[in-house]
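Note sheet for the following structure.
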Amino acid sequence: MPSKAKTGKKLVIVESPAKSKTIAKYLGEGFIVEASIGHIRDLPQPSDLPAELKKTSLGKFAVDVEHDFKPYYVVSPDKKKKVAELKAQLKDADALYLATDGDREGEAIAWHLLEVLKPKVPVYRMTFGEITKEAIHRAMDNLRDVDTALVDAQETRRILDRLYGYEISPVLWRKVARGLSAGRVQSVVTRMVVDRERERMAFKAASYWDLTGQFDAESGSFKAKLAAVDGSKVATGRDFNDDGQLVSSNVVHLNEELATSLAAGLENADFKVRSVDTKPYTRRPAAPFTTSTLQQEAGRKLRFSSKSTMQVAQRLYENGYITYMRTDSSALSDEAVTAARRQAAELYGPEFVPQSPRIYANKAANAQEAHEAIRPAGDSFRTPAQVAKQLSGDEFRLYELIWKRTVASQMADAKGSTATIRLGAVAADGRDAEFSASGTVITFPGFLAAYEEGKDEGRGDDDSDDARRLPNVAKDDSLTASDIVAVGHETSPPPRYTEASLTAELEKRGIGRPSTYASTISTIQDRGYVRKQGSALVPSWIAFSVIRLLEQHFTDYVDYEFTADMEGDLDKIANGQAVGAAWLKHFYYGEDADPGLLSIVNNLGEIDAREINSVPIADGITLRVGKFGPYLESTIPTVDEKTGEVVESARANVPEELAPDELTAAKAIELMETAAPEERVLGTDPHTGHTVVAKNGRYGAYVTEIIPEMTEEQLANQPVEYYKNGKPKPPKKPVKVKPRTGSLFKSMSVDTVTLDEALQLMSLPRVLGEDAEGNPITVQNGRFGPYLKKGTDSRSIGSEEEIFTITLEQALEIYSQPKQRGARAAVPPLAEFGPDPVSEKNIVVKEGRFGPYITDGLTNITVPRSTSLEELTRERAIELLAEKRAKGPVKRTTRKAPARKAAAKK
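Mapping of the sequence shown onto my numbering: residues 4 to 909, in sequence order.
Written out as structure tokens, the structure is:
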């Protein structure tokens, strides 16, 4: 058989279309660059397996747990067309270049392409950290084979996540709520947020006092703070534990009385300088960005969520502006170091560049295989001004942040001096009071001329002394004091995690991969385990139930060290030091005294669902996590005063916006005392004899009828049906009649609505009559208010009360008018937040058809259900708009009408 004729074409496959367009510019003629658009195949749902495989060892996970955990892969339905296109392109190619990303996920995509396409031409693995002409040409000079160890690590992680989720999630469904999910990293991250909230709930504040004063010297005035009394240090917030107990020894704890009396005793005291201490100050620049530090800093400085940061960074990378954005390395290439030093010297002067380049070592506990730090692309960097017109607002801001950090990382240290003045006097009552003031003066800004790193909120942070210049004083100089006042303080609970601080903590503990932090943090919010309150992450009560169950019955699998160790094991597999199949066998089946996941799941024993979903809040009050959300329940039986019988315990709903640490014993008692009745019997419908009740439901108050179940006698008297052979059929279950219901008007409540009003509400929709063409017209209440309906034509009316008063004539008059679309009177916005930092247009919240939404006139985003309007902040509004912009415009898909079948030939 003759060999295929050479075409001179070379097929290059990358993941994304944007990346393919950029690379195609640098490869030139003879290269065809195509995108696989991510993974082309994956593990199917077990329910989608072929029938003959469902009852085999593959059936539970689509992974053969009895034969070395071999996965069963299928080409994703939406990728079949793409695979066919790639195969067609490969037929005309002389070589195949797999140019997917150089991390584990990219390596796995390359391997799957190899397995599915089955090329008969030479295959080369091509990787690069940036999409520039120089980088692409260097990659062509350093081709290699697919790294099977990296593929094994990715496949092991994929199977591990499938085993973990598919074994543990069903336990959550049975004992907490349907639809919940457990995840190897997701559950541990949720536990971290829950643990922090538990710390806040257990926290007991301690109060302490100190003094501040204004002091005048000949050379100027300055503010100082009380540091010691009679030689003993004055207690500050750091000297107390979370139980409110003073734990430091040799400190004096001032209360209000002691502090105010000391302030009064110092009013006429003679203050003198006791010491002046000056020390040199040096500060080094931060290392270039890794994935983790980029997410943290973009959160602090730009108010981007982790997800938004990664979306914008992905676009910058694919379009050739920055290097690869998923990296654990803070190292720079020689070319990048040279570019950064050259640019710093050009922009700030040669004195701002140290004599030798700075070298940064990785600090991450689980630094993954090698990439360079995130930096501007190219062997010479483009300044933000040079790319401003080519980038969107968010892209420019992130590029500028990366550029500044990279250039600053190769600049000189900031230099200066820190001075501390100690001054004191003896109060009228004989107590010796010593005050202190510190200030740092920067004499050479060094890298600070380009960039300064942000920081997260800490506990007990005192007023910053940075950049405060103190007057020139000497020991024994006299000072004049004024405004000496006693100031009270309370210790603060541990601050809630933000996305930035949670990312930092995950990296510090070595949990998960920095490249997955954004998706993990997004997932725990999407699943309802965590919500945002401003920038803080607040756990839901259902997260408490989930974590409690996992801690009690799957202890290791939400243990921080155990999870970090798993990442270390995956690293060993990636480095070829371990084999995935053997590791999975140990994880799932266990070994000797070390039980595996299967053994733990099979020996769970009884799990008390009620106990798992209960949290004691106060004496006699317990929070329950129920099917429709959290509620408070009295654990003291309620006795009917008339009958003396024990009735259902009193309950109260917990407001969605109330954070767990805000549900104190006092708040719980208040909610129980002010709770509206859950259910109130209104009377009997005279026409049906059914009891009518008013209830408080998940979506508001409503009325309904109680339809009694059929008695045994009624069931026995049902007509009997027979088979053709004369034998009687089994009695059918009676069809459950759906009760009539009706939502209360805004002017009504459960404790005031009457039986007559309830019967009216349950009678809706109300038929008004017919128009001239015989079309019926009805009036009813809906999500967006009361409205008329005629066929598919709906018209709003004024108020809910009009539902029972409007006449057919009035309805016909409304329908005789043209339907107005968007011509309503202007409605004032629900909230205003000032100008957006990107579009510079005012941000407002408006009421829309599908609920309130945020807009700056250019971008719209619905307010998340987890965020109430009361807790929506300017920062959160800016962040949501940024996330929406990062996603880009929604792609509208149009469906082709199915082709008409040709008429059958007779």
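Every residue gets a Cβ at the ideal spot worked out from N, C-alpha and C, and that includes glycine.
Quiz item: Roughly how many angstroms lie between the CA atoms of F447 and A671, to the nearest whole one?
Solution: One-based indexing of the sequence shown puts residue 447 at position 444. One-based indexing of the sequence shown puts residue 671 at position 668. Their Cα atoms are separated by approximately 56 Å.
Quiz item: For V279, which residues does DSSP report across the bridge?
Solution: Locating residue 279 in the sequence shown gives position 276, where the first residue counts as 1. Note: V279 sits in a beta bridge opposite I424.
Quiz prompt | Best match in F292, I445, L120 for proximity to T285 [C-alpha to C-alpha] | solution = Within the sequence shown, numbered from 1, the residue matching residue 285 stands at position 282. Considering only alpha carbons, the answer is I445.
Quiz item: Is it right to say R344 is buried, meaning 16 or more other beta carbons lie within 10 angstroms of its own, or is it exposed?
Solution: Position 341 of the sequence shown, counted from the start, is the residue given in the question as residue 344. When all chains shown are included, R344 counts as buried.
Quiz item: Which partner residues of W2 appear in the DSSP bridge assignment?
Solution: The first residue shown for the chain is 4 and the last is 909, placing residue 2 beyond what the model contains.
Quiz item: In this structure, does DSSP put P789 in helix, strand or coil?
Solution: Taking the sequence shown and counting its residues from 1, the one referred to as residue 789 is at position 786. P789: strand per DSSP, three-state reduction.
Quiz item: Which parts of the region 694-749 are runs of the alpha helix (DSSP H), unbroken and 4 residues or longer, counting only runs that do not cross its ends?
Solution: Listed in chain order, they are 715-719.
Quiz item: Where DSSP assigns a beta bridge to T865, which residues make up the other side?
Solution: Here residue 865 refers to the residue found at position 862 when the sequence shown is read from its first residue. T865 is bridged to Y856.
Practice problem: Report the residue from T409, T10, L473 whose alpha carbon sits nearest the alpha carbon of Q217. | Solution: As a working note, residue 217 is residue 214 in the sequence shown. Nearest Cα to Q217 within the set T409, T10, L473: L473.
Practice problem: Answer yes or no: do V847 and T858 have a C-beta to C-beta separation smaller than 9 Å? | Solution: As a first step, residue 847 must be located in the sequence shown, where it is residue number 844. As a first step, residue 858 must be located in the sequence shown, where it is residue number 855. It is a contact, given that the beta carbons lie within the stated cut-off.
Self-check item: N271, DSSP secondary structure in three states
Solution: Residue mapping note: residue 271 aligns to position 268 of the sequence shown, counting from 1. DSSP, reduced to helix, strand and coil, places N271 outside both helices and strands of the structure shown, so it counts as coil.
Practice problem: Using three-state DSSP, classify E287 as helix, strand or coil. | Solution: The residue labelled residue 287 in the question sits at position 284 within the sequence shown. First, the amino acid is wrong: residue 287 is Arg here, not Glu. Coil, per DSSP.
Self-check item: Span separating the alpha-carbon of I26 from that of V36
Solution: For the purposes of this step, residue 26 is taken as residue 23 along the sequence shown, with counting starting at 1. For the purposes of this step, residue 36 is taken as residue 33 along the sequence shown, with counting starting at 1. One C-alpha to the other measures close to 7 Å.
Quiz item: Expressed to the nearest angstrom, what Euclidean distance is found between the alpha-carbon atoms of P379 and L305?
Solution: Within the sequence shown, numbered from 1, the residue matching residue 379 stands at position 376. Within the sequence shown, numbered from 1, the residue matching residue 305 stands at position 302. So the two alpha carbons sit approximately 18 Å from each other.
Quiz prompt | CB contact flag (G268, A484, <9 Å) | solution = Position 265 of the sequence shown, counting from 1, holds the residue named residue 268. Position 481 of the sequence shown, counting from 1, holds the residue named residue 484. Contact flag unset, no.
Practice problem: Could you work out which residue in E712, K28, D45, V706 is closest to Q763 when comparing CA atoms only? | Solution: Along the sequence shown, one-based indexing puts residue 763 at 760. Checked all of E712, K28, D45, V706; the closest Cα to Q763 is V706.
Quiz item: E32: which of G41, P53, T10 sits nearest, CA to CA?
Solution: Here residue 32 corresponds to residue number 29 of the sequence shown, with the count starting at 1. Distance from the Cα of E32 is smallest, within the candidate group G41, P53, T10, for T10.
Quiz prompt | D435, enclosing alpha helix (DSSP H) - first and last residue | solution = Against the sequence shown, residue 435 aligns to sequence position 432. Looking at the DSSP string, D435 is not in any alpha helix (DSSP H); the run it does join, the beta strand (DSSP E), is 435-447.
Self-check item: Delimiting residues of the alpha helix (DSSP H) encompassing G583
Solution: As a position in the sequence shown, residue 583 is number 580, starting the count at 1. 583-592 is the extent of the alpha helix (DSSP H) around G583.
Practice problem: Indicate the three-state DSSP secondary structure (helix, strand or coil) for Q217 in the structure shown. | Solution: For the purposes of this step, residue 217 is taken as the residue at position 214 of the sequence shown. Reduced to three states, the DSSP call for Q217 is strand.
Quiz item: Thinking C-alpha only, which one of Y725, M129, D148, T159 is nearest K73?
Solution: Counting from one through the sequence shown, the residue named residue 73 turns up at place 70. Of the candidates Y725, M129, D148, T159, the one whose C-alpha sits nearest the C-alpha of K73 is T159.
Quiz prompt | Neighbourhood of R879 by C-beta distance below 8 Å, restricted to the same chain and skipping five residues each side | solution = Within the sequence shown, residue 879 is the residue found at index 876, counting from 1. So the list reads K535, G537, S538, T870, once near-sequence residues are dropped.
Quiz item: Among T862, R187, L229, E18, which has the Cα closest to the Cα of F438?
Solution: Position 435 of the sequence shown, counting from 1, holds the residue named residue 438. That would be L229, whose Cα lies nearest to the Cα of F438.
Quiz item: Per DSSP, what kind of secondary structure is V119 in: helix, strand or coil?
Solution: Start at 1 with the first residue of the sequence shown, and residue 119 comes out as number 116. Three-state DSSP puts V119 in a helix.
Self-check item: Close-in-space but distant-in-sequence residues of the same chain around E338 (CB under 6 Å, 5 per side omitted)
Solution: What you label residue 338 is simply residue 335 of the sequence shown in a count that begins at 1. Closer than 6 Å at the Cβ level, and outside the excluded window around E338, lie D382.
Practice problem: Name the two residues that bound the continuous beta strand (DSSP E) containing Y100. | Solution: In the sequence shown, counting from the first residue as 1, residue 100 sits at position 97. It spans 98-101 - the beta strand (DSSP E) in which Y100 sits, taken as one unbroken run.
Practice problem: Output the distance between the C-alpha atoms of G608 and P633, rounded to the nearest integer angstrom. | Solution: Taking the sequence shown and counting its residues from 1, the one referred to as residue 608 is at position 605. Taking the sequence shown and counting its residues from 1, the one referred to as residue 633 is at position 630. C-alpha separation (whole angstroms): 26 Å.
Quiz item: Which residues in the same chain have their Cβ closer than 8 Å to the Cβ of V561, if we skip the five residues on either side of it in sequence?
Solution: The count along the sequence shown starts at 1 and reaches residue 561 at position 558. Within the same chain, V561 has close Cβ partners S190, V191, R194, I550, L553, E554.
Quiz item: Between I524 and E508, which are expected to be in contact by the criterion C-beta below 8 Å, what is the C-beta distance as a whole number of angstroms?
Solution: Indexing the sequence shown from 1 puts residue 524 at position 521. Indexing the sequence shown from 1 puts residue 508 at position 505. With 8 Å as the limit, I524 and E508 do not qualify as a contact, their Cβ atoms being about 12 Å apart.
Practice problem: Name the residue from N606, T151, R654 whose alpha carbon lies nearest to the alpha carbon of N578. | Solution: As a working mapping, residue 578 is identified with position 575 in the sequence shown. N578 has its Cα closest to that of T151, out of N606, T151, R654.
Quiz item: According to DSSP, which residues form a beta bridge with H374?
Solution: Here residue 374 is taken as the residue at index 371 of the sequence shown, counted from 1. In DSSP, H374 forms no bridge with anything.
Exercise. Please go through the region 386-413 and give each complete alpha helix (DSSP H) segment of 4 or more residues, from N-terminal end onward.
Key: 387-390, 396-411
Quiz item: Quick one: what's got a C-beta closer than 6 Å to D164's C-beta in the same chain, skipping five residues either side?
Solution: Numbered from 1 along the sequence shown, position 161 holds the residue referred to as residue 164. Here the set comprises R187.
Quiz prompt | Extent of the continuous beta strand (DSSP E) run through T625 | solution = The residue labelled residue 625 in the question sits at position 622 within the sequence shown. It spans 624-629 - the beta strand (DSSP E) in which T625 sits, taken as one unbroken run.
Practice problem: Starting from F72, follow the beta strand (DSSP E) in both directions and report where the run begins and ends. | Solution: Along the sequence shown, one-based indexing puts residue 72 at 69. Taken as a continuous stretch (DSSP letters only), F72 belongs to no beta strand (DSSP E), as it is neither H nor E.
Quiz item: Would you report the Cα separation of P711 and E682, rounded to the nearest angstrom?
Solution: Position 708 of the sequence shown, counted from the first residue, corresponds to residue 711. Position 679 of the sequence shown, counted from the first residue, corresponds to residue 682. Roughly 17 Å separates the two Cα atoms.
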